[in-house]
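Notes follow once the structure below has been shown.
In our numbering, the protein residues as written are 6 to 275.
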């Protein structure tokens, strides 16, 4: 797993960006620049990383009957955080200590939600960016190829994934109902939970963001995001009025993400 920690200061809150299905850490580059512009980057340790089989991370072929699960992604991240060097070379100290503020886009929202459920003492805040939600994923057996791009799988990334466990997981996930014990059942089994008073923000796309889905499915997705924002007594929902699903790539959405993350950082402190 490839991790890219910014200059690490243990006195600052640590923010981890989790990309959508098929996306690399570079999807957050514009948000990082905005965080620097607004001087929020100076207040945090920002971690962007590539999950296994993405970007600069190694390729790990996985048997077609197993695939990569959300639990594997969570475990990989947690392990990497404990092993990464927080300095310029291999002689630097090892390990980025919790608690973490987790920010996840699309399917990345599933991963950070599972992380918070599995390790609640290690999470100080959650920022969901038009997240996939288990309540909406009940409908995945109805969809076909077009919505894959709606979940953040670019065509080039999908080609890159050919022959890797990512492709196998995608094929299992989207094309073979009933789906195996893969990403979706794994997340559904673990994620129907509440977060107490954990600071939690859901940013929802205000423009059409579910091409290829029926109107009923789109309405269910929107309703599920609102419900997610109510899973903490300290939760809220913000609408990115002019943005489709990829809010982190939307010109007017980038400052919304930055502002809401800044509010979480202030709220959480350290």
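The beta carbon of each residue, even a glycine, is placed where N, CA and C say it ideally should be.
On a CA-only basis, which of the options is nearest residue i? Give me that one, please.
| i | options | result |
| --- | --- | --- |
| residue 124 | 222, 83 and 136 | 83 |
| residue 257 | 267, 244, 128 and 269 | 244 |
| residue 26 | 223, 122, 137 and 248 | 137 |
| residue 112 | 78, 273, 47 and 255 | 78 |
| residue 80 | 121, 98, 203 and 90 | 121 |
| residue 55 | 200, 109, 274 and 220 | 109 |
| residue 273 | 17, 13 and 12 | 17 |
| residue 12 | 248, 32 and 97 | 97 |
| residue 265 | 28, 225, 224 and 132 | 132 |
| residue 128 | 226, 119, 104 and 114 | 104 |
| residue 130 | 204, 32, 15 and 248 | 204 |
| residue 126 | 91, 76, 75 and 200 | 200 |
| residue 19 | 75, 247, 91 and 34 | 91 |
Going by DSSP, name the residue or residues bridged to residue i.
| i | result |
| --- | --- |
| residue 207 | 133 and 242 |
| residue 105 | 19 and 128 |
| residue 110 | 134 |
| residue 50 | 19 |
| residue 99 | 90 |
How far does the alpha helix (DSSP H) with residue i in it reach, from first residue to last?
| i | result |
| --- | --- |
| residue 259 | 258-273 |
| residue 233 | 220-234 |
| residue 35 | 34-42 |
On the premise that residue j lies in contact with residue i, defined as a C-beta separation below 8 Å, what is that separation, rounded to the nearest angstrom?
| i | j | result |
| --- | --- | --- |
| residue 36 | residue 263 | 6 Å |
| residue 52 | residue 22 | 7 Å |
| residue 270 | residue 117 | That pair is no contact at about 16 Å. |
| residue 208 | residue 134 | 5 Å |
| residue 39 | residue 252 | Incorrect: roughly 12 Å between the Cβ atoms, too far for contact. |
| residue 220 | residue 248 | Not quite, the Cβ-Cβ distance comes to about 19 Å (not below 8 Å), so this is no contact. |
| residue 222 | residue 230 | About 13 Å; that fails the 8 Å criterion. |
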